[in-house]
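If you're matching positions, the sequence shown starts at 14 in this note's numbering and goes up one per residue. All C-beta atoms in this analysis are idealised placements derived from N, C-alpha and C, irrespective of residue type, glycine included. To start, the structure under review is shown below, and the notes come after it.
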Amino acid sequence: MASSPIPPERRRATIADVAKEAGVSSATAGRALGDYGYVREEIRERVRKAAEDLGYRPNSLARSMITGRTNTIGVVGADIANPFFASAMRGIGDVARRDGFGTILTNSDEDVALEGEAVGLLLQKQVDGIIVSPASSVETDHLAEAAESGTPVVLFDRDVVGLTADAVLTDSVGASRTAVGHLLDLGHRRIAIIAELRAALDMEWRNWIGSAPAPDTRMLMPSGARLLGYIQAHAAAGVPVDPALIRGTGSYDPNAARERTLEVLRLDQPPTAIFTVDNVMTHGAYQACREMGIRIPGDLSFVAYDDMEWMTFVEPNITALSQPVYEMGKVAAEMLIRRLRSPEVEPARRLLDTTLIVRGSTAAPR
(Lines of atoms letter the chains of each structure in order from A and count residues from 1; the text may use other names and numbers.)
(Lines give C-alpha, C1' and ligand atoms only; values in the text may rest on other atoms or scores of the structure.)
Protein backbone atom coordinates (compact mmCIF):
# COMPACT_ATOMS: atom_id res chain seq x y z
CA MET A 1 0.00 0.00 0.00
CA ALA A 2 1.47 3.35 -1.04
CA SER A 3 2.14 5.77 1.78
CA SER A 4 0.24 9.03 1.83
CA PRO A 5 2.20 12.19 1.06
CA ILE A 6 3.02 14.40 4.03
CA PRO A 7 0.38 17.13 4.27
CA PRO A 8 1.84 20.51 3.26
CA GLU A 9 1.15 21.98 6.70
CA ARG A 10 3.35 19.31 8.33
CA ARG A 11 6.27 19.37 5.91
CA ARG A 12 9.43 21.03 7.22
CA ALA A 13 10.23 24.25 5.39
CA THR A 14 13.32 24.19 3.16
CA ILE A 15 15.65 26.92 1.98
CA ALA A 16 13.86 26.72 -1.38
CA ASP A 17 10.55 27.50 0.36
CA VAL A 18 12.13 30.51 2.08
CA ALA A 19 13.62 31.73 -1.19
CA LYS A 20 10.29 31.41 -2.97
CA GLU A 21 8.47 33.25 -0.17
CA ALA A 22 11.04 36.07 -0.20
CA GLY A 23 11.21 36.25 -4.00
CA VAL A 24 14.95 35.51 -4.21
CA SER A 25 17.16 32.64 -5.33
CA SER A 26 18.06 29.79 -2.99
CA ALA A 27 21.70 30.92 -3.07
CA THR A 28 20.75 34.43 -1.95
CA ALA A 29 18.50 33.05 0.80
CA GLY A 30 21.36 30.85 1.99
CA ARG A 31 23.77 33.78 2.15
CA ALA A 32 21.24 35.95 3.99
CA LEU A 33 20.51 33.33 6.64
CA GLY A 34 24.09 32.10 6.91
CA ASP A 35 25.64 35.57 7.30
CA TYR A 36 28.24 34.97 4.60
CA GLY A 37 28.79 36.71 1.28
CA TYR A 38 27.19 40.00 0.25
CA VAL A 39 23.44 40.52 0.54
CA ARG A 40 21.67 43.88 0.61
CA GLU A 41 20.21 44.61 4.03
CA GLU A 42 16.70 45.03 2.62
CA ILE A 43 16.86 41.55 1.05
CA ARG A 44 18.43 40.05 4.18
CA GLU A 45 15.51 41.29 6.29
CA ARG A 46 12.99 40.01 3.74
CA VAL A 47 14.58 36.56 3.79
CA ARG A 48 14.68 36.47 7.58
CA LYS A 49 11.02 37.41 7.80
CA ALA A 50 10.12 34.69 5.29
CA ALA A 51 12.11 32.15 7.31
CA GLU A 52 10.35 33.21 10.49
CA ASP A 53 6.91 33.07 8.88
CA LEU A 54 7.57 29.57 7.54
CA GLY A 55 9.18 28.29 10.75
CA TYR A 56 12.36 27.49 8.84
CA ARG A 57 15.21 25.89 10.78
CA PRO A 58 18.62 26.24 9.17
CA ASN A 59 20.72 23.12 8.61
CA SER A 60 23.63 23.74 10.97
CA LEU A 61 25.75 21.00 9.37
CA ALA A 62 25.36 22.47 5.91
CA ARG A 63 26.08 25.93 7.26
CA SER A 64 29.23 24.72 9.01
CA MET A 65 30.50 23.23 5.75
CA ILE A 66 30.28 26.68 4.19
CA THR A 67 31.48 28.84 7.09
CA GLY A 68 33.85 26.38 8.79
CA ARG A 69 32.06 27.05 12.10
CA THR A 70 29.40 25.21 14.08
CA ASN A 71 28.88 27.96 16.66
CA THR A 72 29.38 25.31 19.33
CA ILE A 73 31.68 25.28 22.35
CA GLY A 74 32.83 22.02 23.89
CA VAL A 75 33.37 21.78 27.65
CA VAL A 76 35.26 19.03 29.49
CA GLY A 77 34.47 19.21 33.19
CA ALA A 78 36.57 17.33 35.72
CA ASP A 79 33.51 16.28 37.74
CA ILE A 80 30.19 17.69 36.61
CA ALA A 81 28.46 16.33 39.74
CA ASN A 82 30.57 18.74 41.80
CA PRO A 83 28.72 22.02 42.52
CA PHE A 84 31.93 23.90 41.64
CA PHE A 85 31.73 22.78 38.01
CA ALA A 86 27.95 23.17 37.89
CA SER A 87 28.32 26.85 38.79
CA ALA A 88 31.14 27.29 36.28
CA MET A 89 29.05 25.65 33.57
CA ARG A 90 26.27 28.13 34.24
CA GLY A 91 28.69 30.99 33.61
CA ILE A 92 30.00 29.37 30.43
CA GLY A 93 26.50 28.67 29.16
CA ASP A 94 25.21 32.18 29.86
CA VAL A 95 28.02 33.81 27.85
CA ALA A 96 27.80 31.24 25.06
CA ARG A 97 24.05 31.73 24.67
CA ARG A 98 24.42 35.51 24.75
CA ASP A 99 26.95 35.38 21.92
CA GLY A 100 25.07 32.86 19.78
CA PHE A 101 26.93 29.67 20.70
CA GLY A 102 25.62 26.33 21.86
CA THR A 103 27.50 24.13 24.33
CA ILE A 104 28.30 20.43 24.52
CA LEU A 105 29.23 19.25 28.02
CA THR A 106 31.36 16.18 28.71
CA ASN A 107 32.88 14.78 31.91
CA SER A 108 36.39 13.38 32.49
CA ASP A 109 35.79 12.16 36.05
CA GLU A 110 39.35 13.36 36.80
CA ASP A 111 40.71 10.67 34.45
CA VAL A 112 43.25 11.54 31.73
CA ALA A 113 42.14 8.71 29.43
CA LEU A 114 38.48 9.71 29.70
CA GLU A 115 39.47 13.32 29.12
CA GLY A 116 41.27 12.30 25.92
CA GLU A 117 38.15 10.45 24.76
CA ALA A 118 35.99 13.48 25.55
CA VAL A 119 38.27 15.82 23.60
CA GLY A 120 38.23 13.38 20.66
CA LEU A 121 34.43 13.28 20.73
CA LEU A 122 34.20 17.08 20.75
CA LEU A 123 36.59 17.30 17.81
CA GLN A 124 34.42 14.79 15.92
CA LYS A 125 31.45 17.04 16.65
CA GLN A 126 33.50 19.87 15.09
CA VAL A 127 33.15 22.23 18.03
CA ASP A 128 34.72 25.62 17.41
CA GLY A 129 36.72 25.54 20.64
CA ILE A 130 37.14 23.66 23.91
CA ILE A 131 37.12 24.74 27.56
CA VAL A 132 38.76 22.11 29.76
CA SER A 133 39.67 21.61 33.40
CA PRO A 134 42.64 19.29 32.86
CA ALA A 135 42.86 16.05 34.81
CA SER A 136 46.66 16.28 34.70
CA SER A 137 49.12 19.15 34.52
CA VAL A 138 51.61 17.15 32.46
CA GLU A 139 49.71 14.48 30.47
CA THR A 140 48.27 16.91 27.95
CA ASP A 141 49.22 15.62 24.49
CA HIS A 142 45.54 15.40 23.52
CA LEU A 143 45.07 19.08 24.35
CA ALA A 144 48.15 20.09 22.38
CA GLU A 145 46.92 18.06 19.39
CA ALA A 146 43.53 19.79 19.54
CA ALA A 147 45.16 23.22 19.59
CA GLU A 148 47.54 22.30 16.77
CA SER A 149 44.60 21.11 14.66
CA GLY A 150 43.11 24.61 14.79
CA THR A 151 40.66 24.10 17.66
CA PRO A 152 41.54 26.63 20.38
CA VAL A 153 41.67 25.44 23.98
CA VAL A 154 40.99 27.47 27.13
CA LEU A 155 42.23 26.07 30.45
CA PHE A 156 39.79 26.40 33.34
CA ASP A 157 40.86 26.40 37.02
CA ARG A 158 44.04 24.42 36.28
CA ASP A 159 47.24 25.29 34.47
CA VAL A 160 49.45 22.94 32.46
CA VAL A 161 53.08 22.87 31.42
CA GLY A 162 54.11 23.34 27.80
CA LEU A 163 50.73 24.28 26.33
CA THR A 164 50.29 27.74 24.87
CA ALA A 165 46.66 28.51 25.63
CA ASP A 166 44.36 31.01 27.29
CA ALA A 167 43.66 30.23 30.95
CA VAL A 168 41.40 31.46 33.74
CA LEU A 169 42.64 30.61 37.21
CA THR A 170 42.71 31.62 40.85
CA ASP A 171 45.81 31.83 43.02
CA SER A 172 45.44 28.59 44.96
CA VAL A 173 48.81 28.98 46.68
CA GLY A 174 48.16 32.55 47.81
CA ALA A 175 44.59 31.83 48.91
CA SER A 176 45.71 28.90 51.05
CA ARG A 177 48.46 31.01 52.59
CA THR A 178 45.77 33.50 53.59
CA ALA A 179 43.46 30.86 55.09
CA VAL A 180 46.17 29.05 57.03
CA GLY A 181 47.69 32.39 58.02
CA HIS A 182 44.33 33.28 59.58
CA LEU A 183 44.54 30.15 61.76
CA LEU A 184 48.16 30.83 62.68
CA ASP A 185 47.29 34.41 63.62
CA LEU A 186 44.64 33.03 65.99
CA GLY A 187 47.39 31.06 67.75
CA HIS A 188 46.96 27.60 66.22
CA ARG A 189 50.17 25.59 65.86
CA ARG A 190 48.78 22.17 64.99
CA ILE A 191 46.76 22.65 61.82
CA ALA A 192 45.70 19.57 59.86
CA ILE A 193 45.12 19.65 56.11
CA ILE A 194 42.90 17.21 54.20
CA ALA A 195 43.78 17.13 50.50
CA GLU A 196 43.48 14.99 47.40
CA LEU A 197 47.14 14.00 46.96
CA ARG A 198 48.15 11.35 44.46
CA ALA A 199 51.07 9.02 45.14
CA ALA A 200 53.72 10.95 43.18
CA LEU A 201 52.92 14.21 44.94
CA ASP A 202 52.67 12.44 48.29
CA MET A 203 56.41 11.84 48.02
CA GLU A 204 57.28 15.25 46.60
CA TRP A 205 55.64 17.51 49.18
CA ARG A 206 57.98 16.31 51.91
CA ASN A 207 60.77 18.18 50.12
CA TRP A 208 58.75 21.41 50.24
CA ILE A 209 58.92 21.44 54.04
CA GLY A 210 62.69 21.78 53.94
CA SER A 211 64.89 24.17 52.01
CA ALA A 212 64.14 22.75 48.55
CA PRO A 213 63.12 25.36 45.94
CA ALA A 214 59.37 25.86 45.50
CA PRO A 215 57.97 23.82 42.59
CA ASP A 216 56.62 25.30 39.37
CA THR A 217 52.98 25.86 40.33
CA ARG A 218 51.89 25.14 36.74
CA MET A 219 52.82 21.51 37.43
CA LEU A 220 50.53 21.31 40.45
CA MET A 221 46.89 20.36 40.54
CA PRO A 222 44.74 22.54 42.85
CA SER A 223 45.18 20.27 45.88
CA GLY A 224 48.97 20.33 45.50
CA ALA A 225 49.02 24.10 45.08
CA ARG A 226 46.89 24.50 48.20
CA LEU A 227 49.18 22.22 50.17
CA LEU A 228 52.12 24.37 49.04
CA GLY A 229 50.30 27.45 50.36
CA TYR A 230 49.73 25.66 53.67
CA ILE A 231 53.45 24.91 53.96
CA GLN A 232 54.45 28.44 52.95
CA ALA A 233 52.12 29.95 55.57
CA HIS A 234 53.82 27.91 58.27
CA ALA A 235 57.27 28.91 57.03
CA ALA A 236 56.32 32.61 57.00
CA ALA A 237 55.12 32.33 60.62
CA GLY A 238 58.17 30.36 61.72
CA VAL A 239 55.98 27.41 62.72
CA PRO A 240 57.27 23.92 61.85
CA VAL A 241 55.02 21.61 59.85
CA ASP A 242 54.20 18.23 61.37
CA PRO A 243 53.93 15.76 58.44
CA ALA A 244 51.49 13.68 60.50
CA LEU A 245 48.94 16.48 60.08
CA ILE A 246 49.07 16.29 56.27
CA ARG A 247 46.54 13.72 55.09
CA GLY A 248 46.02 12.78 51.44
CA THR A 249 43.01 10.88 50.12
CA GLY A 250 44.45 9.87 46.73
CA SER A 251 41.17 10.75 45.02
CA TYR A 252 38.27 13.21 45.09
CA ASP A 253 36.28 11.02 47.47
CA PRO A 254 34.37 12.37 50.49
CA ASN A 255 34.49 8.96 52.18
CA ALA A 256 38.29 8.92 51.92
CA ALA A 257 38.35 12.47 53.32
CA ARG A 258 36.20 11.30 56.22
CA GLU A 259 38.60 8.41 56.95
CA ARG A 260 41.71 10.62 56.81
CA THR A 261 40.04 13.14 59.12
CA LEU A 262 39.10 10.47 61.65
CA GLU A 263 42.73 9.30 61.61
CA VAL A 264 44.18 12.74 62.28
CA LEU A 265 41.63 13.55 65.00
CA ARG A 266 42.60 10.33 66.83
CA LEU A 267 46.29 11.22 67.05
CA ASP A 268 47.84 11.40 70.52
CA GLN A 269 48.40 15.08 69.75
CA PRO A 270 45.37 15.97 67.63
CA PRO A 271 45.12 19.20 65.65
CA THR A 272 43.46 22.29 67.04
CA ALA A 273 42.41 23.39 63.54
CA ILE A 274 41.73 21.81 60.17
CA PHE A 275 41.95 23.13 56.61
CA THR A 276 40.20 21.31 53.75
CA VAL A 277 41.32 22.04 50.19
CA ASP A 278 38.01 21.75 48.31
CA ASN A 279 34.30 21.14 48.85
CA VAL A 280 34.62 17.36 48.43
CA MET A 281 37.26 17.16 51.17
CA THR A 282 35.16 19.49 53.33
CA HIS A 283 32.13 17.22 53.03
CA GLY A 284 34.02 14.21 54.38
CA ALA A 285 35.96 16.11 57.04
CA TYR A 286 32.87 17.82 58.43
CA GLN A 287 31.06 14.48 58.60
CA ALA A 288 33.96 13.01 60.59
CA CYS A 289 33.84 15.91 63.05
CA ARG A 290 30.13 15.35 63.62
CA GLU A 291 30.64 11.61 64.13
CA MET A 292 33.25 12.25 66.82
CA GLY A 293 31.18 14.91 68.54
CA ILE A 294 33.81 17.57 67.87
CA ARG A 295 32.72 21.04 68.96
CA ILE A 296 33.51 23.70 66.37
CA PRO A 297 35.31 25.97 67.15
CA GLY A 298 35.61 24.93 70.82
CA ASP A 299 37.57 21.73 70.11
CA LEU A 300 38.60 22.43 66.54
CA SER A 301 38.63 25.44 64.23
CA PHE A 302 37.53 24.65 60.68
CA VAL A 303 38.43 26.46 57.43
CA ALA A 304 37.23 25.25 54.03
CA TYR A 305 38.43 26.00 50.53
CA ASP A 306 35.30 26.64 48.39
CA ASP A 307 32.38 28.46 49.95
CA MET A 308 29.25 26.35 49.57
CA GLU A 309 25.69 27.43 50.36
CA TRP A 310 25.23 24.82 53.10
CA MET A 311 28.11 26.35 55.08
CA THR A 312 25.84 29.21 56.13
CA PHE A 313 23.04 26.82 57.16
CA VAL A 314 25.04 24.94 59.84
CA GLU A 315 25.89 26.35 63.26
CA PRO A 316 28.43 27.76 63.51
CA ASN A 317 28.74 28.99 59.93
CA ILE A 318 31.93 27.75 58.26
CA THR A 319 34.86 30.07 57.55
CA ALA A 320 35.66 29.57 53.87
CA LEU A 321 37.65 30.72 50.88
CA SER A 322 35.18 31.90 48.25
CA GLN A 323 36.11 31.52 44.60
CA PRO A 324 34.26 33.52 41.91
CA VAL A 325 33.30 30.30 40.14
CA TYR A 326 30.43 31.65 38.04
CA GLU A 327 32.62 34.57 36.97
CA MET A 328 35.42 32.14 36.11
CA GLY A 329 33.05 30.29 33.79
CA LYS A 330 31.99 33.54 32.14
CA VAL A 331 35.59 34.65 31.65
CA ALA A 332 36.55 31.27 30.17
CA ALA A 333 33.77 31.49 27.58
CA GLU A 334 34.61 35.12 26.79
CA MET A 335 38.27 34.23 26.29
CA LEU A 336 37.38 31.40 23.92
CA ILE A 337 34.97 33.50 21.88
CA ARG A 338 37.56 36.28 21.70
CA ARG A 339 40.09 33.72 20.44
CA LEU A 340 37.66 32.50 17.77
CA ARG A 341 37.05 36.05 16.56
CA SER A 342 40.67 37.22 16.82
CA PRO A 343 42.97 34.19 16.45
CA GLU A 344 46.06 36.37 16.24
CA VAL A 345 45.86 37.81 19.79
CA GLU A 346 48.43 36.64 22.32
CA PRO A 347 47.28 33.97 24.81
CA ALA A 348 46.22 35.45 28.15
CA ARG A 349 46.14 34.19 31.74
CA ARG A 350 43.37 35.68 33.88
CA LEU A 351 43.90 35.35 37.62
CA LEU A 352 40.71 36.04 39.59
CA ASP A 353 40.64 36.90 43.28
CA THR A 354 39.65 34.48 46.03
CA THR A 355 38.20 35.92 49.25
CA LEU A 356 38.48 34.59 52.80
CA ILE A 357 35.09 34.87 54.52
CA VAL A 358 35.61 34.63 58.27
CA ARG A 359 32.63 33.11 60.10
CA GLY A 360 32.00 31.37 63.39
CA SER A 361 33.98 28.16 62.81
CA THR A 362 37.37 29.71 63.68
CA ALA A 363 38.60 30.96 67.04
CA ALA A 364 41.73 30.93 69.18
CA PRO A 365 42.69 27.46 70.48
CA ARG A 366 41.60 26.63 74.02
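Over what stretch of residues does the beta strand (DSSP E) that includes Asp9 continue unbroken? Within the shown structure, residues of the chain are numbered from 14 to 379, placing residue 9 beyond reach of any answer.
From the DSSP output, read off the bridge partner residues of Thr116. Taking the sequence shown and counting its residues from 1, one reaches residue 116 at position 103. Paired residue(s): Ile86.
Check whether the region 174 to 183 and the region 238 to 254 are in contact - that is, three or more C-beta pairs closer than 8 angstroms. no
Apply the 10 Å Cβ neighbour rule to Glu58 and answer buried if 16 or more other Cβ atoms are within range, or exposed otherwise. As a working mapping, residue 58 is identified with position 45 in the sequence shown. So Glu58 counts as exposed.
In the structure shown, what three-state DSSP assignment does Val173 receive? For the purposes of this step, residue 173 is identified with residue 160 of the sequence shown, where counting begins at 1. DSSP places Val173 in coil when its eight states are reduced to three.
Asp295 versus Pro329, Ala333, Thr285, residue with shortest Cα-Cα distance: Your numbering for residue 295 matches position 282 in the sequence shown. The amino acid at residue 295 is misidentified as Asp; the sequence shows Thr. Nearest of Pro329, Ala333, Thr285 to Thr295, Cα basis: Ala333.
If you draw a straight line from the C-alpha of Val218 to the C-alpha of Asp255, how long is it? If you number the sequence shown from 1, residue 218 lands on position 205. If you number the sequence shown from 1, residue 255 lands on position 242. Note that residue 218 is Trp in the sequence shown here, rather than Val. Straight-line Cα distance between these residues: approximately 12 angstroms.
Can you look up Tyr69 in the DSSP assignment and give me helix, strand or coil? As a first step, residue 69 must be located in the sequence shown, where it is residue number 56. Note: Tyr69 maps to coil in three-state DSSP.
Buried/exposed call for Lys343, threshold 16 Cβ in 10 Å: Within the sequence shown, residue 343 is the residue found at index 330, counting from 1. Counting Cβ neighbours within 10 Å, Lys343 comes out buried, since at least 16 surround it.
Excluding the 5 residues flanking Arg239 on each side, which residues of the same chain have their C-beta closer than 7 angstroms to its C-beta? As a position in the sequence shown, residue 239 is number 226, starting the count at 1. Taken in chain order, the residues that qualify are Ser185, Ser189, Ala208, Val290, Tyr318.
So, with DSSP's three-state summary, where would you put Thr41? Along the sequence shown, one-based indexing puts residue 41 at 28. Reduced to three states, the DSSP call for Thr41 is helix.
Is Leu210 helix, strand or coil by DSSP? For the purposes of this step, residue 210 is identified with residue 197 of the sequence shown, where counting begins at 1. Coil.
Using only the alpha-carbon positions, how far apart do Asp366 and Pro283 sit? Residue numbering aside, residue 366 sits at position 353 when the sequence shown is read from its first letter. Residue numbering aside, residue 283 sits at position 270 when the sequence shown is read from its first letter. Cα to Cα, Asp366 sits roughly 32 angstroms from Pro283.
Starting from Tyr243 and walking both ways along the alpha helix (DSSP H), at which residues does that stretch end? Indexing the sequence shown from 1 puts residue 243 at position 230. Unbroken alpha helix (DSSP H) run through Tyr243: 235 to 250.
Continuous beta strand (DSSP E) assignments of at least 3 residues falling wholly in the region 279 to 354: If only uninterrupted beta strand (DSSP E) runs of at least 3 residues are considered, those enclosed by the region 279 to 354 are 286 to 289, 314 to 318, 332 to 335.
Look up Met78 in the DSSP assignment and say whether it is helix, strand or coil. Mapped onto the sequence shown, residue 78 falls at position 65. With a pLDDT of 49 at Met78, under the threshold of 50, the modelled position of this residue cannot be trusted; read the value that follows with caution. Correct three-state label for Met78: helix.
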